[in-house]
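The structure appears right after this line, and notes come after that.
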Amino acid sequence: MTIETLKQEDMPQLIELYKELVPPHIEFNASLERCLKTYETMEKDNRSFLAVAKEKGEIVGSALGICCQCLVNPFLVVEDVIVRSDQRGKGVGRMLMEALDQFAKEKGCAYSFLVSSDFRTGAHSFYESIGYTDGVVGFRKIYRK
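Residue numbering for the sequence shown follows the working numbering, beginning at -18 and increasing consecutively.
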């Protein structure tokens, strides 16, 4: 198992994996073209790290960390954490999150936070096991469906 930065040629695999993030009743509409355009922008920006876990060349997990600047201390936003359903419980998520922790420390981040949908209770237990606490209230406003 290796953790590495996403490569452009791996985008179709990642898009397929992202489908597991979306509840079945919601249409998944991430086009390859749109994702590649965003990837090109992210690749030029050293404030983000799109980590992928690979087993025998196949993506089995991914997590995105974005370092945000504020006046006092930078912080890391964690997004799109996903491990393929048949690979959960094997340490893949832990390895991905450790890679994001290392990235955050290199960027001088004071803390990280993530938001997880309320129905992902298994993920919540995992986040708590790696040091995240639920002692905050998060809100989300959707601009685009």
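The beta carbon of each residue, even a glycine, is placed where N, CA and C say it ideally should be. Computed from a prediction, not measured in an experiment: that's the story for all the values here.
*With distances taken Cα to Cα, identify the nearest neighbour of F120 among E79, K37, S98 and T102.*
The residue you call residue 120 lines up with position 139 of the sequence shown. Cα-wise, what sits closest to F120 is S98.
*Can you check whether the CB of G46 is closer than 9 Å to the CB of V58?*
Residue numbering aside, residue 58 sits at position 77 when the sequence shown is read from its first letter. Residue numbering aside, residue 46 sits at position 65 when the sequence shown is read from its first letter. Result yes, Cβ atoms of V58 and G46 sit closer than 9 Å.
*Should A91 go down as buried or exposed, given a rule of 16 or more other Cβ atoms within 10 Å for buried?*
As a position in the sequence shown, residue 91 is number 110, starting the count at 1. It counts as exposed.
*Decide yes or no for the touch test of the segment 52 to 69 against the segment 7 to 20: beta carbon pairs closer than 8 Å, at least 3 of them.*
no
*Would you tell me roughly how many angstroms separate the C-alpha atoms of F84 and E24, rounded to the nearest one?*
Position 103 of the sequence shown, counted from the start, is the residue given in the question as residue 84. Position 43 of the sequence shown, counted from the start, is the residue given in the question as residue 24. Cα-Cα distance, rounded: 15 Å.
*asked:* Residues in the same chain with beta-carbon distance under 6 Å from V62, minus the five sequence neighbours each way, listed in chain order, please.
replied: On the sequence shown, residue 62 is found 81 positions in, with the first residue counted as 1. Cβ within range, chain order: A44.
*Taking just the CA atoms, how far does T114 sit from E1?*
As a first step, residue 1 is located in the sequence shown; it is residue number 20 there, counting from the start. As a first step, residue 114 is located in the sequence shown; it is residue number 133 there, counting from the start. The alpha-carbon atoms of E1 and T114 are separated by roughly 24 Å.
*Reduced DSSP category for E8 - H, G, I as helix; E, B as strand; rest coil*: In the sequence shown, the residue the question calls residue 8 occupies position 27. Looking at E8 - three-state DSSP - the assignment turns out to be coil, as it is neither helix nor strand.
*asked:* If you measure between the beta carbons of V73 and G42, is that distance less than 9 Å?
replied: Within the sequence shown, the letter at position 92 stands for residue 73. Within the sequence shown, the letter at position 61 stands for residue 42. Their beta carbons are under 9 Å apart, which means V73 touches G42 by this criterion.
*Could you check which residue in T102, P5, L31 and F56 has the C-alpha nearest to that of M(-8)?*
Within the sequence shown, the letter at position 11 stands for residue -8. The residue with the shortest Cα to Cα distance from M(-8) is L31.
*Could you have a look at A34 and say whether DSSP puts it in helix, strand or coil?*
On the sequence shown, position 53 is the one that residue 34 refers to. DSSP places A34 in strand when its eight states are reduced to three.
*asked:* Less than 9 Å between the C-beta atoms of Q(-11) and Y20, yes or no?
replied: Your numbering for residue -11 matches position 8 in the sequence shown. Your numbering for residue 20 matches position 39 in the sequence shown. Their beta carbons are under 9 Å apart, which means Q(-11) touches Y20 by this criterion.
*Assuming I40 and C16 form a contact by the criterion Cβ under 8 Å, report the distance between their Cβ atoms to the nearest whole angstrom.*
Indexing the sequence shown from 1 puts residue 40 at position 59. Indexing the sequence shown from 1 puts residue 16 at position 35. Wrong, their Cβ atoms sit about 13 Å apart, outside the cutoff.
*In three-state terms, what does DSSP make of I(-16)?*
Sequence index remark: in the sequence shown, residue -16 carries index 3 (1-based). It is a strand residue.
_Neighbour-count burial assignment, S29, 16 or more Cβ in a 10 Å radius_ = On the sequence shown, residue 29 is found 48 positions in, with the first residue counted as 1. Per the 10 Å Cβ criterion, buried.
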